[in-house]
Ligand code: BGC
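Numbering (the numbering used here), first residue to last: 9 to 769.
Shown next, in the form of structure tokens:
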């Protein structure tokens with residue numbers, strides 16, 4: 009391959025290389041027939057294929073494809089094998105429809121529930137998001153179709169996405185926003201990464217050398233090419249220099265000319281252009297290894313897979329009095345326009361043209377024998393409060409044994425391009441739930457949504473709630489299976505459901521102003537925030553009930569003292585203590601008992617989904633590597649493995665920890681001294697290499713005070729210590745002034761010189 013690339017590069021002219029760096033049309037790269045180089049085709053993603061037959065068209069109806077559950081629902085499965093299987097199925101559709109690269113998955117963090125694209129993203133936690141993104145990419149690429157991991161990075165709101173500068177401190181960036189991408193890149197080597205539209209701490213992501221070259225390539229070892237989001241490039245040459253290989257869409261002859269002119273003028277090194285083109289060639293040639301377009305995909309099998317995933321994504325949020333599962337008997341009122349016009353996906357570039365869509369009310373009738381189903385609309389999307397529809401629904405509910413209410417935001421509320429403005433359901437739906445629940449104690453709410461919704465206005469009156477997410481085309485059957493007990497729900501929330509929007513971590517900083525959004529909450533998003541402020545939530549991250557019950561044994565550790573490089577093995581027995589088969593998602597969080605820098609109380613570092621027959625026990629084992637205990641220290645520009653005690657917390661949600669154990673990690677990491685004269689005395693003393701350097705000076709000062717103040721020296725020393733603790737070293741000579749002899753001043757001066765020497769040398 010490398011030989012072939014070198015040969016091609018040698019044959020290509022500067023004009024051809026420049027042309028290659030910009031799309032030929034909306035969805036294809038440039039073919040260079042003269043050297044036998046074909047074009048490759050890309051298509052959206054992420055939860056289904058949006059193959060537009062005409063490559064010149066941006067918004068045409070796409071070819072029929074399977075609309076799988078969206079990423080938000082995929083994440084609720086916490087099932088990496090299933091997500092891998094989804095990747096494989098997507099690849100089959102790509103191969104059938106002549107697509108070389110699928111534009112997904114999206115792996116931005118859920119910083120605020122308002123982000124219009126949260127349905128396209130996995131989680132509020134980078135470990136969960138990273139694992140699922142890697143599984144998706146590995147599945148897809150195992151069948152010869154490339155992925156495009158997007159939107160790199162910090163596209164966590166749609167509001168002003170083309171201009172907003174996300175101001176994120178280095179720790180939050182590394183530990184949250186980059187971490188999910190890092191995990192996915194390292195575990196799956198996506199063929200491409202798509203840069204985000206927004207800016208990051210100044211530069212546009214499309215022109216961000218530190219992001220696209222230093223971090224992505226040099227630190228993480230990314231080998232593929234970077235593609236722009238559609239129209240995200242402002243300065244083509246600057247973007248190329250920064251590491252952006254392919255600008256989409258094309259054609260843009262003016263841009264091609266700019267690249268050629270830059271090479272001629274010497275502002276763009278031809279060698280840099282060559283490297284970039286080589287990255288494109290590698291992927292283009294690799295794509296040729298899997299012939300595309302010779303046939304159909306298995307529509308039925310993919311529909312069945314979509315249903316399986318939808319089933320595992322359903323989260324049983326509440327089930328008072330074990331109302332669910334329902335018996336297949338008596339009469340059931342089915343209410344809500346969402347039961348006839350299901351809310352299966354969000355808006356924007358991820359819209360799929362489904363091969364078919366299951367209608368919940370029809371599916372219930374067809375699938376469940378022995379029940380008399382009756383439908384009442386109850387509300388109309390965008391319809392406002394309609395007393396007639398409400399009365400009809402109340403009557404239907406009153407006359408039935410059980411009532412199912414299907415609810416969702418109005419279609420179009422969750423979409424690319426803009427954010428939501430609220431997290432409540434439309435007021436007519438809230439009124440409907442309240443009115444129905446008042447007359448029918450056996451009411452089940454089935455909610456379809458792609459991001460957290462508020463439920464406080466009605467949930468106390470409703471015994472059972474199913475979070476059915478954005479289920480894709482086959483969700484209705486899966487919901488029926490869960491409602492009537494053919495399937496035991498096993499999904500868990502991948503994001504916290506807050507009580508109110510005002511409680512959410514980014515509330516005071518979102519959406520920013522003057523084209524700038526400050527991520528003022530830093531490391532504390534999602535459960536990290538709610539833990540920190542000890543604020544109640546509606547449903548915590550990781551929550552989800554089952555029709556059976558599980559018991560957790562003790563946490564077993566491979567050692568109570570371990571070296572960082574060995575890592576730690578953690579095992580726990582989980583038993584199905586109920587009388588139905590079920591699946592439990594076992595979650596492992598790490599709590600750093602003491603650390604130099606402030607850390608979230610706990611962080612997810614492992615999870616496993618286990619299937620258990622009634623009475624069955626299985627041992628779940630996790631391997632924690634050193635990174636599971638590390639934090640990022642911007643002063644060192646490195647992940648720090650600090651010696652100390654860590655608590656391992658194992659539970660069924662972020663709020664329900666059933667077992668814990670403690671272990672001590674011994675770090676083998678040696679850190680260079682990064683102190684400067686601008687660090688405070690306290691920081692110097694807290695530092696392993698700083699403290700010994702500073703001690704002679706402090707001793708000298710102590711001696712001076714002793715000589716001057718005799719009996720009072722101890723009291724004075726204590727006061728002096730208090731005063732100098734938070735002073736930078738630099739200010740000590742001025743602080744002591746003439747009270748400190750020249751000799752002692754010399755110690756400080758010498759110290760400062762040493763520091764300079766270390767820093768410069
Ligand atoms: C979206 C991307 C998408 C691209 C191509 C952009 O507007 O942000 O996610 O892949 O369009 O449709």
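C-beta atoms are modelled at their ideal positions from N, C-alpha and C, and glycine is treated no differently. Source: prediction; values computed, not measured.
When DSSP reads this structure, residue 416 sits in no beta bridge, so it has no partner. At the C-beta level, residue 702 and residue 692 come within 8 Å of one another.
In this structure, residue 75 places its C-beta atom within 8 Å of the C-beta atom of residue 352.
When the alpha-carbon of residue 96 is set against those of 130, 152, 569 and 583, the nearest one is in 152. Contact annotation: residue 645 and residue 632 have beta-carbon atoms that are not nearer than 8 Å.
Within the model, the alpha-carbon separation for residue 20 versus residue 571 is close to 52 Å. Counted as a single uninterrupted DSSP element, the alpha helix (DSSP H) harbouring residue 189 occupies residues 187-196. Residue 668 sits in a strand when the DSSP states are folded into three classes.
By the Cβ rule, the segment 101-111 counts as touching the segment 52-67, because three or more pairs are nearer than 8 Å. Within the segment 50-128, the runs of alpha helix (DSSP H) that reach at least 4 residues and sit entirely inside it are, in chain order, 79-85 and 88-104.
Its Cα nearest to that of residue 334, the residue 492 stands out among 673, 641 and 492. A heavy atom of the ligand BGC is found nearer than 7 Å to the CB of residue 357. Residue 596 carries a strand assignment under DSSP once its states are collapsed to helix, strand and coil. An exposed status is given to residue 569, since fewer than 16 other beta-carbon atoms sit within 10 Å of its beta-carbon. Residue 198 is a Cβ neighbour of residue 145, given a cutoff of 8 Å.
When rounded, the separation of the alpha-carbon atoms in residue 44 and residue 423 is 40 Å. For residue 158, the distance from the CB to the nearest heavy atom of the ligand BGC is below 7 Å. Around the beta carbon of residue 9, fewer than 16 other beta carbons sit within 10 angstroms, so the residue counts as exposed.
Residue 709 sits in a helix when the DSSP states are folded into three classes. Counting other Cβ atoms within 10 Å of its Cβ, residue 304 stays below 16 and is therefore classed as exposed. Per the coordinates, the alpha-carbon of residue 594 lies some 14 Å from the alpha-carbon of residue 564. With contacts defined by Cβ atoms closer than 8 Å, residue 375 and residue 534 do not form a contacting pair. Rounded to whole angstroms, the Cβ separation of residue 217 and residue 250 is 4 Å, and the two are in contact under 8 Å. Three or more pairs of CB atoms, one per stretch, sit closer than 8 Å, so the segment 131-145 contacts the segment 101-120.
The segment 409-422 and the segment 155-162 do not touch, with fewer than three beta-carbon pairs separated by less than 8 Å.
Distance from the Cα of residue 425 is smallest, within the candidate group 356, 316 and 341, for 356.
Nearest in C-alpha terms to residue 583, of all of 626, 600, 330 and 602, is 626. Under the three-state reduction of DSSP, residue 260 is assigned to coil, being neither helix nor strand. As the crow flies, the alpha-carbon of residue 666 is around 15 Å from that of residue 548. If you look at residue 25, you'll find it in the alpha helix (DSSP H) that goes 22-28. Within the same chain, no residue comes within 6 Å of residue 687 by CB-CB distance, once the 5 residues on both sides are set aside. No residue range can be given for residue 430, since it is assigned to no alpha helix (DSSP H) and is classified by DSSP as neither H nor E.
With contact defined as three or more Cβ pairs closer than 8 Å, the segment 294-311 and the segment 384-396 are not in contact. 171 is the residue among 18, 126 and 171 whose C-alpha sits nearest the C-alpha of residue 521. When 639, 136, 681 and 286 are compared, the shortest CA-CA separation from residue 81 is found for 136. Per DSSP, reduced to three states, the secondary structure at residue 703 is helical.
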